[in-house]
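Residue numbers (my numbering): -5 to 523.
Data block below; observations after.
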Ligand SMILES: [Zn+2]
Ligand SMILES: [Zn+2]
């Protein structure tokens, strides 16, 4: 039976360009979305630009611009970039759109009415010199966990999120003054009330999570969930749908993680589908969240709490697909230090399919991995071009061959093809995309060995039937590769399907191709760098 599957790709923050490390973390979502679609499931792959929050307001203030100009600029850049990498989102929206804002307000209102949001008068960090309340990331402090100097939203080094008390020991990031306190009215989400439910749910589903997600979530649950402020003193963001909070906005984390749900609602309102089929219990559905390791608890804890608090039988997040980091020449990507290139810059130089292949086959799944241009060029030339590109070339561009001949498919090869679907499919479902990639490339290697052993250049002169069988068998392999590699190198696979007159990709074994297809127009899939 077909499943209803949500794949949530983390919402990139629309304040700076994304680099290759971001793509390495996000591309797992595209692999899953493509795979489950090929298997015939109803998939909605959703994401969008995260437009609100303090970094954008800070920057807008510094540059004398409107925050919307900044977020629109990056939102457009993200769209261009994701298109360039062939991300197959069903919807990439943004938090700064009216539909999203209205739905978020409805959800927050429901949480309030259900008693999960309460008011607290509290002392908040205030800078007397700058004359305003400071957000977490406008505070510099020494991390109480690891001692490194960090911004107040999250420690870059150990990922600790400072408490309100800890923040009071910091300094204003703008003027360096010691922080003072002022009374302020704040709404809190009673996260602590969800401790037991989230604990039980996590134990039920976390066996397929990566170790970083298990550990990070367990750490928070062990400490005990702490209620979190949901309103900020900002003028950029979603209005608080509760009386007396007209001068404040919702905190960005509550707004952005609800985007998966609001995207689904929007898509379904504009089609025949029902969003409840994807997000309610008992509907044969599954929810994946794909992001980097700095985003885990927002998806494993906070999003689930927001769903539970609506008391409307929501299906919680099943699977956290959290990547480690991709480094650049063994250093952290850093715009300010000029380390690394943006994802768009890489597209200007390199082929998008090769980049996808490299980022997936070398993905930071269980530990940090590295991008280096030398290694990338080696993978492009030695694996993608010499193995895959060459198989296509030497088969479909065989000297003097004008059309695909009639022939018999080699029985052993057919078995290899079947087992490649099974093994690589299993690996994808276990979130082992690197290994899945290797498994598919193994079929290419098998095909090349088969080709060499048959010596079709001799067969053509001495044994034309044998020659036809060899070319036919290799063409069937290529047809199957256009399915298998669709999740990794979609641009090339589309070309192959056009060449071989195959309508759609699927995760089904192809055991025949149409003989007689003219081979005049076939071009090499890749060029040597
Ligand atoms: Zn720290
Ligand atoms: Zn200040």
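Think of the CB as a built atom: it goes at the ideal place given N, C-alpha and C, for glycine as much as any other residue.
Small disclaimer: the values here were computed from a predicted structure and weren't measured.
Rounded distance between the beta-carbons of residue j and residue i, thought under 8 Å
i           : j           : result
residue 188 : residue 247 : With 8 Å as the limit, residue 188 and residue 247 do not qualify as a contact, their Cβ atoms being about 15 Å apart.
residue 300 : residue 252 : 6 Å
residue 12  : residue 105 : With a Cβ gap of about 31 Å, residue 12 and residue 105 do not count as contacting.
residue 480 : residue 176 : About 57 Å separates the two Cβ atoms, so there is no contact after all.
residue 442 : residue 381 : 6 Å
residue 509 : residue 18  : That belief does not hold up - the Cβ atoms of residue 509 and residue 18 are roughly 41 Å apart, past 8 Å.
residue 276 : residue 110 : 23 Å between Cβ atoms; not a contact.
residue 211 : residue 290 : 6 Å
residue 22  : residue 45  : Actually they are not in contact, since the Cβ atoms of residue 22 and residue 45 sit about 24 Å apart, beyond 8 Å.
residue 78  : residue 338 : 7 Å
Burial state of residue i, where buried means 16 or more other Cβ atoms lie within 10 Å
i           : result
residue 93  : exposed
residue 372 : exposed
residue 137 : buried
residue 524 : With the chain covering only -5 through 523, there is no way to say anything about residue 524.
residue 125 : exposed
residue 112 : exposed
residue 526 : Missing from the structure shown is residue 526; the chain here goes from -5 to 523 and no further.
residue 59  : exposed
residue 377 : buried
residue 433 : buried
residue 171 : exposed
residue 107 : exposed
residue 532 : The chain is shown only over -5 to 523; residue 532 falls outside these bounds and no answer can be derived.
residue 128 : buried
residue 315 : buried
residue 321 : buried
residue 31  : buried
residue 470 : buried
residue 140 : exposed
residue 345 : buried
residue 474 : buried
residue 524 : Absent from the structure is residue 524, since the part of the chain shown begins at -5 and ends at 523.
residue 224 : buried
residue 522 : exposed
residue 348 : buried
Helix, strand or coil at residue i [DSSP, three-state]
i           : result
residue 174 : strand
residue 325 : strand
residue 89  : coil
residue 222 : strand
residue 382 : helix
residue 236 : coil
residue 110 : coil
residue 278 : coil
residue 200 : helix
residue 523 : coil
residue 28  : helix
residue 228 : coil
residue 135 : strand
residue 284 : strand
residue 116 : strand
residue 299 : helix
residue 184 : coil
residue 81  : coil
residue -3  : coil
residue 313 : strand
residue 155 : coil
residue 388 : helix
residue 455 : helix
residue 150 : coil
residue 97  : helix
residue 41  : strand
residue 245 : coil
residue 145 : strand
residue 121 : strand
residue 166 : strand
residue 104 : helix
residue 3   : strand
residue 320 : strand
residue 344 : coil
Does the stretch 516 to 523 come close enough to the stretch 378 to 395 that 3 or more CB-CB pairs lie under 8 Å?
-> yes
Counting pairs of Cβ atoms below 8 Å between the stretch -1 to 17 and the stretch 275 to 288, do you hit three or more?
-> yes
Does the count of Cβ pairs from the stretch 149 to 156 and the stretch 67 to 84 closer than 8 Å reach three?
-> Counting Cβ pairs under 8 Å, fewer than three are found: no touch.
What residues does ligand 2 have around it, judged by CB closer than 6 Å to any heavy atom, in chain order?
-> Listed along the chain, these residues meet the criterion: 121, 123, 124, 166, 168, 169, 171.
Determine, using beta-carbon pairs with one atom in the stretch 97 to 105 and one in the stretch 48 to 56, whether at least three such pairs fall under 8 Å.
-> No, the stretch 97 to 105 is not in contact with the stretch 48 to 56.
Is the stretch 390 to 404 touching the stretch 463 to 471 in the sense that three or more CB pairs, one from each, lie closer than 8 Å?
-> Between the stretch 463 to 471 and the stretch 390 to 404 there are three or more inter-stretch CB-CB distances shorter than 8 Å, so the stretches are counted as touching.
Can you find at least 3 beta carbon pairs, one from the stretch 268 to 279 and one from the stretch 309 to 321, that sit closer than 8 Å?
-> yes
Taking three-plus beta-carbon pairs below 8 Å as touching, is the stretch 28 to 44 in contact with the stretch 253 to 265?
-> yes
Taking three-plus beta-carbon pairs below 8 Å as touching, is the stretch 325 to 343 in contact with the stretch 404 to 423?
-> no
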